[in-house]
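The numbers in the sequence shown follow numbering that gives the first Met the number 0, run straight up by one, and end at 464.
Using N, Cα and C, we set each Cβ at its ideal position, and we do this for glycine too.
Take a look at the structure below.
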Amino acid sequence: MNKYVKIASPVLVIISLILILLLKSIPSGKLWKNYSVLYVQKDCEDSLVISALEKAGINNVICLSGQFLPALFSENSVEVSMLRLNYDNPDFSYLQKRNALFYDKSEAYRLYYIPSEQKSKLTDAIRTLEAAHIQCGTDSDSAYPWLLPLIVFLLAGMLFVFVKNKLPFICGTVIPLVFIYSNPFYPVALASCLIILCLFFIANLWKRKGSFEKLIKRPEILIMPAVAFISCFAGSIKTGCLSIIAIIGILSSLIFCYYTEDFFRNKKSFVPVFIRPAKRISIFAGKAFISMTTVSVSALLLIAVFILTSSDSVRSHISKLLLPASTSNISDELPQFEDFYRWNWNLRTYPYISINDGKVGIKDGVETVDFMHYKENEQTGIIELYEEELSYNGEFKESVYNDIDSLKFNAVEKLMKSEGDDFSAGFTATNSYHINLFGIIMSFICLFILLFIYFSIIIRKGVNK
0 MNKYVKIASP VLVIISLILI LLLKSIPSGK LWKNYSVLYV QKDCEDSLVI SALEKAGINN
60 VICLSGQFLP ALFSENSVEV SMLRLNYDNP DFSYLQKRNA LFYDKSEAYR LYYIPSEQKS
120 KLTDAIRTLE AAHIQCGTDS DSAYPWLLPL IVFLLAGMLF VFVKNKLPFI CGTVIPLVFI
180 YSNPFYPVAL ASCLIILCLF FIANLWKRKG SFEKLIKRPE ILIMPAVAFI SCFAGSIKTG
240 CLSIIAIIGI LSSLIFCYYT EDFFRNKKSF VPVFIRPAKR ISIFAGKAFI SMTTVSVSAL
300 LLIAVFILTS SDSVRSHISK LLLPASTSNI SDELPQFEDF YRWNWNLRTY PYISINDGKV
360 GIKDGVETVD FMHYKENEQT GIIELYEEEL SYNGEFKESV YNDIDSLKFN AVEKLMKSEG
420 DDFSAGFTAT NSYHINLFGI IMSFICLFIL LFIYFSIIIR KGVNK
C-alpha cells in the first residue's frame, strides 16, 4: 500500500498544480455582464473609432453617435412633436442624462460598449487606434489585484522564518500560494491565511509522537480548515470546487515530503529521532505572540485593502479611470431605470394634460391620465372614439421595460436592461473587484477566528500549549 501512496502523492501534487493554474479564476475587471467597454480619448473623431471597430469585424456597438429617441413613436406623432417643444424642460432631462453613460467620470474619455462575444476582436481594433496615436483601452486593463497574493506570500515568508521544520512547511504552502495567485479574491486570501497557519502548526509538530492527537484536540485547528473551505466557495463556485483539488494537493505534498525525508534519512548511518513527544512541544514553536501577530496583521491588511478599495474616493486615486457600471453605489449623474420610466410617462401624457393646471390626476394615490383617441372597430371597420386611462404604476413600467427590445437601434437602454430590472448605475474603477455579501461575511469570520486565537494568547500571556 505504501508503495502506491509514494508513487501517487507526487503525481497528485503535479496534477493539482496544473489544474489550479489552468482553471484559474482571475478578476477580469469586467464592469457589465454582456458587454466590454472600450474607452477612447474624447477629442478623437468618432468616425475613426467606428471605422477601426468595423475593420476588426465588430458590430452592434452601443455608442453615443448611434443613439436615437428610445420610444416607439413615429417622428410625426403628437408625442414627439410635444417633446421637441419641451426639449429643455426638466421633465425630459433623461435624454441629456443618459449621455453620461458614454463618458468616464472625468469626461476625458468617450465610451463604446462591445458585445462580449466579440471581445476577442477588440485587440485588433485597439492596435489600429494605437497605430493612429489614439489613446484607448478596455475595462479589463490592469485588473489583477496584486496586493492580495503579495500579502499572503509575505505571510508565508514570515512564518517560514519562525517555523521549526521548514521542509514540510515549504512543501505544504506551495499549493495555497499557487491557489491564491490563481484565485485572487478576498475570501480566498483570508482562507489562505488560515490554511498557512494550520500548516505552520503541522510543521512544528512534524513527526512528533502524538502530533495528530494533539492537533485534533485543538478546536481552533479543526475549525480553521472548515471555515477556509467554505470561504473559498464565497469567492465563486468555481473557486470552491478548485479548493477540493487544492486540499488533495496539500495532503499529497505533505505525504510526499514525509516519505522523501524517510528515504534520505535511511541512507544515513546515524538517524536521529525526536525524544520529546508532541504534547511537550508548542504548536507555535515558542513564537506564539510574534507568529500570531504576523498572521493577524496580514488578515487585517487584507480587510483594510478591501474596505479602502471599496470607497469611491480611494479607488479614484488607485485607478484614474472611473467608468459607468452596474453597481450599488448609485450616482446621480447617471440615468436609472426610474428616470427612463418617468421620461416615458411624460412623453406619453404631456399632450393630454390640461393646459389650465398642467397637472395629472391622482386616483388611489397613483398618477393617472384619461385621454381620448380614435381606433378602428375590428368588427364594423368604423373609426370610433375611445377613452383610455393610463396610470404610472408597475404595469406601465413593465410595459416600458419590455418595449426596450423593440427599439430599432443599439440603444443604451438595451445595455441597462442586460443587467436586469434591478439595474442601478454608478461609477466604478476599472481595476475593482466586487465581492458579494457571503464573501464579506466569510472574510470577517476568518479574521475573527485569527483575532480570537491572537487575544487568547495575550490573555494566557503567551503560555505555550
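Straight-line spacing of the CA atoms in G156 and I61 works out to 48 Å. The alpha-carbon separation between E388 and Y349 amounts to approximately 14 Å.
Exclusion of the five residues before and after T293 leaves M157 as the residues of its chain whose Cβ lies within less than 6 Å of its Cβ. With 16 or more other CB atoms across the displayed protein chains lying within 10 angstroms of its CB, F305 is buried.
Residue Y351 holds the alpha-carbon nearest to the alpha-carbon of F370 among K208, D363 and Y351.
Rounded to whole angstroms, F232 and C240 show a C-alpha spacing of 7 Å.
Of the candidates F454, L128, W145 and I229, the residue whose Cα lies closest to the Cα of V39 is L128. In this structure F426 is buried. Its beta-carbon is surrounded by 16 or more other beta-carbon atoms within 10 angstroms.
Burial state of L384 is exposed, judged by a 10 Å Cβ sphere holding fewer than 16 other Cβ atoms. Closest option to V173, judged by alpha-carbon separation, among L94, A107, K120 and F255: F255. DSSP places A324 outside any alpha helix (DSSP H); the residue lies instead in the beta strand (DSSP E), whose first and last residues are L321 to S325. A Cβ-Cβ distance of about 17 Å is found for the pair S210 and A287, leaving them out of contact under the 8 Å criterion. Restricting attention to beta strand (DSSP E) runs no shorter than 3 residues, the segment 376 to 444 encloses them at 382 to 390 and 424 to 428, ordered along the chain. In this structure, DSSP gives E366 an extended state, which the three-state scheme calls strand. Counted as a single uninterrupted DSSP element, the alpha helix (DSSP H) harbouring I17 occupies residues N1 to L21. S252 places its beta carbon less than 9 Å from that of C170. Looking at the DSSP output, Q40 bridges to Y108. Judged by pairs of C-beta atoms under 8 Å, the segment 175 to 192 touches the segment 14 to 24, as three or more such pairs exist. A straight line joining the alpha-carbon of K208 with that of K216 spans about 14 Å. Its Cα nearest to that of S327, the residue L30 stands out among L30, Y3, I17 and V4. Rounded to whole angstroms, the gap between the alpha carbons of F101 and L110 is 5 Å.
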